[in-house]
Amino acid sequence: MDEKKFRVLIKYCFLKGKNTIEARTWLDAEFPDSGPGKSTIKDCYCSALVQCNVYCSGIEGIARQDTTSTVKDRYGVDM
0 MDEKKFRVLI KYCFLKGKNT IEARTWLDAE FPDSGPGKST IKDCYCSALV
50 QCNVYCSGIE GIARQDTTST VKDRYGVDM
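In numbering that gives the first Met the number 0, the protein residues as written are 0 to 78.
Take a look at the structure:
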(Lines of atoms letter the chains of each structure in order from A; the text may use other names.)
(Lines give C-alpha, C1' and ligand atoms only; values in the text may rest on other atoms or scores of the structure.)
Protein backbone atom coordinates (compact mmCIF):
# COMPACT_ATOMS: atom_id res chain seq x y z
CA MET A 0 0.00 0.00 0.00
CA ASP A 1 1.35 3.43 -0.83
CA GLU A 2 2.05 6.18 1.69
CA LYS A 3 -0.95 8.34 0.73
CA LYS A 4 -3.36 5.55 1.63
CA PHE A 5 -1.60 5.01 4.95
CA ARG A 6 -1.91 8.73 5.70
CA VAL A 7 -5.67 8.48 5.23
CA LEU A 8 -5.83 5.54 7.65
CA ILE A 9 -3.63 7.37 10.15
CA LYS A 10 -5.86 10.45 9.96
CA TYR A 11 -8.85 8.16 10.56
CA CYS A 12 -7.16 6.92 13.75
CA PHE A 13 -6.53 10.52 14.81
CA LEU A 14 -10.15 11.49 14.27
CA LYS A 15 -11.33 8.42 16.20
CA GLY A 16 -9.27 9.62 19.19
CA LYS A 17 -6.60 6.92 19.12
CA ASN A 18 -3.09 7.84 20.21
CA THR A 19 -0.01 7.08 18.09
CA ILE A 20 0.70 3.79 19.85
CA GLU A 21 -2.86 2.53 19.31
CA ALA A 22 -2.72 3.63 15.67
CA ARG A 23 0.55 1.81 15.07
CA THR A 24 -0.71 -1.34 16.79
CA TRP A 25 -3.85 -1.34 14.64
CA LEU A 26 -1.93 -0.70 11.40
CA ASP A 27 0.65 -3.39 12.22
CA ALA A 28 -2.14 -5.89 12.85
CA GLU A 29 -3.87 -5.06 9.56
CA PHE A 30 -0.74 -4.63 7.41
CA PRO A 31 2.08 -6.65 9.02
CA ASP A 32 4.37 -6.57 5.97
CA SER A 33 3.98 -2.98 4.81
CA GLY A 34 2.94 -0.88 7.81
CA PRO A 35 4.18 2.71 8.14
CA GLY A 36 6.98 3.64 10.50
CA LYS A 37 6.73 5.40 13.83
CA SER A 38 7.91 8.74 12.44
CA THR A 39 5.36 8.63 9.60
CA ILE A 40 2.55 8.17 12.11
CA LYS A 41 3.81 11.02 14.29
CA ASP A 42 4.19 13.32 11.27
CA CYS A 43 0.62 12.57 10.18
CA TYR A 44 -0.69 13.24 13.69
CA CYS A 45 1.17 16.57 13.84
CA SER A 46 -0.17 17.69 10.46
CA ALA A 47 -3.72 16.62 11.38
CA LEU A 48 -3.44 18.47 14.67
CA VAL A 49 -2.21 21.64 12.94
CA GLN A 50 -5.11 21.46 10.47
CA CYS A 51 -7.53 21.00 13.34
CA ASN A 52 -6.08 23.95 15.28
CA VAL A 53 -6.19 26.21 12.22
CA TYR A 54 -9.85 25.32 11.70
CA CYS A 55 -10.74 25.83 15.35
CA SER A 56 -8.88 29.15 15.62
CA GLY A 57 -11.17 30.61 12.95
CA ILE A 58 -14.32 29.85 14.92
CA GLU A 59 -15.34 32.50 17.44
CA GLY A 60 -16.58 31.59 20.88
CA ILE A 61 -14.54 28.42 21.37
CA ALA A 62 -12.73 28.25 24.68
CA ARG A 63 -9.41 26.59 23.89
CA GLN A 64 -7.24 25.05 26.54
CA ASP A 65 -3.47 24.89 26.58
CA THR A 66 -2.64 22.46 23.76
CA THR A 67 0.98 21.82 24.74
CA SER A 68 0.22 19.38 27.54
CA THR A 69 -2.92 17.88 26.03
CA VAL A 70 -1.23 17.02 22.72
CA LYS A 71 1.50 15.04 24.44
CA ASP A 72 -0.88 13.35 26.87
CA ARG A 73 -3.57 12.44 24.36
CA TYR A 74 -1.61 11.60 21.21
CA GLY A 75 1.92 10.87 22.41
CA VAL A 76 3.38 13.55 20.12
CA ASP A 77 5.87 16.20 21.19
CA MET A 78 5.32 19.57 19.58
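Every residue gets a Cβ at the ideal spot worked out from N, C-alpha and C, and that includes glycine.
- 24 is the residue among 47, 24 and 46 whose C-alpha sits nearest the C-alpha of residue 36.
- Here residue 46 carries a helix assignment [DSSP, helix/strand/coil].
- Shown here, residue 15 sits in coil according to DSSP, grouped into three states, outside any helix or strand.
- Less than 8 Å divides the Cβ of residue 43 from the Cβ of residue 9.
- Separation of residue 4 and residue 34 (C-alpha to C-alpha, rounded to the nearest whole angstrom) is 11 Å.
- Only residues of its own chain outside the window of five on either side were considered, and among them 9, 12 and 40 have a CB closer than 7 Å to the CB of residue 22, listed in chain order.
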